[in-house]
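Visitor: So the sequence shown is numbered by the numbering used here: it starts at 2 and just counts up by one.
We put the beta carbon where it would ideally sit given N, CA and C, even for glycine.
As the structure is a computational prediction, the values presented were derived from the model and not from experiment.
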Amino acid sequence: MARMLSGIKPTGQLHLGNYIGALKHFVEYQDEYDMFTFIANLHCITVPQDPQELQKNLHDCVALYLACGLDPKRSTIFLQTDVKEHAQLGYIMCCHTYMGELNRMTQFKDKQAKGETNLSGGLYTYPALMAADILLYDPDYVPVGEDQKQHVELTRDVAERMNHRYGDLFKVPEPLIAKVGARIMSLSDPDRKMSKSDETNKGCIYLLDPLNAARKKIMSAKTDSLGVVHYDPENQPGISNLMQILSSLSNDRPFAEIEQEFAGKGYGDFKRAVADAVCATLEQIQNRYAEICASDLIETTLKEGAERASVLAAEKLSKVQKAIGMEIL
Ligand code: TYM
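1) Given 8 Å as the limit, is there contact between the stretch 48-56 and the stretch 275-283, that is, 3 or more CB pairs closer than that?
2) Please find out if some non-hydrogen atom of the ligand TYM comes closer than 7 Å to the beta-carbon of R166.
3) The beta strand (DSSP E) that contains E175, what's its start and end?
4) First and last residue of the beta strand (DSSP E) that includes P144?
5) Is there at least one non-hydrogen atom of the ligand TYM closer than 7 Å to the beta-carbon of V143?
6) Between which residues of its own chain and P128 is the CB-CB distance below 6 Å, once the five residues before and five after are set aside?
7) Hey, would you say the C-beta of S7 is under 7 Å away from at least one heavy atom of the ligand TYM?
8) Return the residue from the list M5, T98, G239 and N119 that minimises the CA-CA distance to P191.
9) Taking the CB atoms as reference points, tell me whether R75 and D141 lie closer together than 8 Å.
10) Do C96 and T126 count as a contact pair if the criterion is CB distance below 8 Å?
11) Which residue wins for smallest C-alpha separation from K217, given the options Y232, N252, R273 and Y290?
12) Compute the minimum distance between the beta carbon of G204 and the heavy atoms of the ligand TYM, and state whether it is under 7 Å.
13) So, are the CB atoms of Y66 and T47 less than 8 Å apart?
14) Once you ignore the five residues that flank K223 on each side, which residues in its own chain have a CB closer than 8 Å to its CB?
15) Please identify the residue among P11, K323 and R184 whose C-alpha is closest to the C-alpha of D169.
16) Cα separation between D139 and V229?
17) Can you have a look at V145 and say buried or exposed, based on whether 16 or more other CB atoms are within 10 angstroms of its CB?
18) Could you compute how far the alpha carbon of G269 sits from the alpha carbon of I219?
19) Taking 7 Å as the cut-off, is the beta-carbon of Q149 closer than that to any non-hydrogen atom of the ligand TYM?
20) Round the Cβ separation of R289 and A68 to the nearest angstrom and send it over; I've been treating them as touching at under 8 Å.
21) Jot down the residue ranges of each uninterrupted alpha helix (DSSP H) in the stretch 114-189, minimum 4 residues, whole runs only, in chain order.
22) Taking only heavy atoms of the ligand TYM into account, decide whether any of them is closer than 7 Å to the Cβ of A314.
23) Among the residues of its own chain, which have a CB less than 7 Å from the CB of M195, if the five just before and after it don't count?
24) Could you tell me if the beta carbon of D134 falls within a distance shorter than 7 Å of some heavy atom in the ligand TYM?
25) Give the secondary structure of M327 by DSSP, where H, G and I count as helix, E and B as strand, and everything else as coil.
26) Skipping 5 residues on each side, what residues in its chain have a beta carbon closer than 7 Å to that of G182?
27) Considering Cα atoms alone, identify which of A114, R162, E260 and Q113 is closest to Y99.
28) For I135, which option in A295, G122 and K317 has the closest C-alpha, if you only look at C-alpha atoms?
29) So what does DSSP say about H26, is it helix, strand or coil?
30) For the candidate residues I93, N236, K266 and Y232, whose alpha-carbon lies nearest to that of R254?
31) Which whole-angstrom value describes the C-beta separation of L208 and I329, a residue pair presumed to lie in contact below a C-beta threshold of 8 Å?
Written out as structure tokens, the structure is:
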């Protein structure tokens, strides 16, 4: 069975972009693949965090993984710091990644361009840690949203470099990016991606948003004055974004079918349909979330997941350290 691995960095609450671009696919793939998913808590601290808030976000992230349908019997679900090899291999990866490569990573460049000061060394080197997260488990595929593609490509480059230098150490994985929904945009500014760091809070729907708040965000999403429900990301980015959301929440319904349904109707009707689809999804997730929080499933899932992941991670780290010449016995 081919293997898949992916993770989410809960620097804040998970949002609809995380769900549509990543989490939904983890769930869909778990029967077909040997699925590894983790909570990337080492990546969280690359930017300043309030400890209590971080702890709550980590808890909610696991609960939401489960609430969205990840099943600990069919997937290996773990917390990154419960498997110490991530940090260890992360350092080794860092030593095999060139500064020129890290300088080209758009996420760091974007933050720098915004004039943010006191950016941490961890933020700069985090793609090397991400390479370790992946390569520890030899996955065939890494399902991610479009913004992470560059990091998976760097992972491939570093894996190939190390395989060339030390012999066959790692499987070189492929990024897996969905055709629809790999880049959900902000509702209030559809030229920017939906992200946890949305200052206004109007452009981002969180998975734990009250349903009336989520509905309101959709109904006031920025659109255009053309008045036609048509998929054209360049000229109608707001409407096209809402079409992506609707399509991916209704079994990848073709855009042509959506256009047909709303031909001659106003944006109000269309937005109501999107809001209904979003609220139905959130309601199901939130009901399950409440049940999970009241159970001991989080604890048992993380314990069993870390045990399973640790076996593979320890084996890989030891193989790498031996190949590099770092072990004595
Ligand atoms: P993160 O936490 O920023 O995002 C988690 C996943 O959600 C996807 N995503 C989106 N997809 C569509 N539209 C959006 N607006 C949107 N925003 C986020 C991301 O592409 C991602 O798939 N570095 C990673 C976490 C990570 C990881 C890994 C992932 C750490 N190690 C190893 C895969 C494999 C990150 O910060 O994702």
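Guide: Well, looking at it:
1) Verdict: no, contact absent.
2) It does not: the Cβ of R166 is nowhere closer than 7 Å to a heavy atom of the ligand TYM.
3) Boundaries of the beta strand (DSSP E) around E175: E175 to L177.
4) Residues Y142 to P144.
5) At least one heavy atom of the ligand TYM is nearer than 7 Å to the Cβ of V143, so yes.
6) Correct list, in chain order: M106, H152 and L155.
7) With a cut-off of 7 Å, the C-beta of S7 is classified as near the ligand TYM, since at least one heavy atom of the ligand falls inside that distance.
8) Residue G239 is the option with its Cα nearest to P191.
9) In this structure, D141 does not lie closer than 8 Å to R75 by Cβ.
10) Not closer than 8 Å, so no.
11) A check of alpha carbon separations from K217 across Y232, N252, R273 and Y290 identifies R273 as the nearest.
12) For the ligand TYM, not one heavy atom lies less than 7 Å from the Cβ of G204.
13) In this structure, T47 does not lie closer than 8 Å to Y66 by Cβ.
14) Counting only residues of its own chain and dropping the five nearest sequence neighbours on each side, K223 has a CB closer than 8 Å to the CB of L188, S189, D190, P191 and G239.
15) The residue with the shortest Cα to Cα distance from D169 is K323.
16) Distance between the alpha carbons of D139 and V229: 47 Å.
17) The residue is buried, with at least 16 neighbouring Cβ atoms inside 10 Å.
18) Their Cα atoms are separated by approximately 10 Å.
19) Result yes, Cβ under 7 Å from the ligand TYM.
20) The beta-carbon separation of R289 and A68, rounded to 4 Å, stays under the 8 Å limit for a contact.
21) Within the stretch 114-189, the complete alpha helix (DSSP H) runs of at least 4 residues are 122-136 and 150-167.
22) Incorrect: A314 has no Cβ contact closer than 7 Å to the ligand TYM.
23) Excluding residues within five positions, the ones whose Cβ falls inside 7 Å are H16, L17, G18, I185, M186, S187, G204 and C205.
24) Indeed, a heavy atom of the ligand TYM lies less than 7 Å from the Cβ.
25) In the structure shown, M327 sits in coil (DSSP, three-state: anything other than H, G, I, E or B).
26) For G182, where only same-chain residues beyond five positions count, the Cβ hits under 7 Å are I21, G22, Q245 and S249.
27) In terms of Cα proximity to Y99, the closest of A114, R162, E260 and Q113 is R162.
28) Minimum Cα-Cα distance from I135 among the listed residues A295, G122 and K317 corresponds to K317.
29) The answer is helix: DSSP assigns H26 an H, G or I state.
30) Minimum Cα distance to R254 is reached at Y232.
31) L208 to I329, Cβ: 48 Å. No contact.
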